[in-house]
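To start, the structure itself, in structure tokens.
In the numbering used here, the protein residues as written are 11 to 144.
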């Protein structure tokens with residue numbers, strides 16, 4: 011979608027919103043909870059004018075909803091697809107795991123000095139090293 015069309019729909023959407031607010035504010039207040047409006051000397055006091063304002067409010071609300079959905083669809087179509095960040099993927103092939111299933115050292119890490127695994131638990135202490143209560 012072109013940005014000119016999106017800007018045009020956005021301007022129409024804004025004008026509809028302003029007209030909707032104006033039409034809602036021109037309607038006669040039914041409750042009069044705040045003590046405003048509802049008097050017989052209002053601008054549009056005839057029954058026909060009330061029906062006109064009610065119908066125009068519905069039409070403007072439908073147009074506002076339609077332009078809102080249209081703008082959302084246009085924005086989603088205008089968004090370019092993103093690529094997945096592959097900067098953390100190793101470039102060299104990693105060696106295959108040995109057949110016995112034991113883990114191997116990572117490439118570039120020093121090999122252990124003895125035959126123990128680097129993740130092996132330390133040896134258990136001798137029984138003489140354990141303090142006991144007297």
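Every residue gets a Cβ at the ideal spot worked out from N, C-alpha and C, and that includes glycine.
Straight-line Cα distance separating residue j from residue i
i	j	result
residue 82	residue 75	11 angstroms
residue 63	residue 26	15 angstroms
residue 43	residue 37	Legend: pLDDT at residue 43 = 49, less than 50; position of this residue unreliable, value from coordinates given subsequently. Looking at the two C-alpha atoms, the distance is approximately 15 angstroms.
residue 85	residue 14	13 angstroms
residue 101	residue 23	50 angstroms
residue 79	residue 12	17 angstroms
residue 96	residue 65	56 angstroms
residue 98	residue 143	54 angstroms
CB-CB length for residue i against residue j, believed under 8 angstroms
i	j	result
residue 21	residue 77	That belief does not hold up - the Cβ atoms of residue 21 and residue 77 are roughly 10 angstroms apart, past 8 angstroms.
residue 88	residue 16	7 angstroms
Run of the alpha helix (DSSP H) containing residue i, from where it starts to where it stops
i	result
residue 143	No alpha helix (DSSP H) contains residue 143, which DSSP labels as neither H nor E.
residue 93	Premise fails: residue 93 is in no alpha helix (DSSP H) and is neither H nor E.
residue 13	13-36
Quick test of the definition: if touching needs 3 or more C-beta pairs under 8 angstroms, does the segment 23-31 touch the segment 70-85? Contact check between the segment 23-31 and the segment 70-85: three or more CB pairs, one atom from each, fall below 8 angstroms, which counts as touching.
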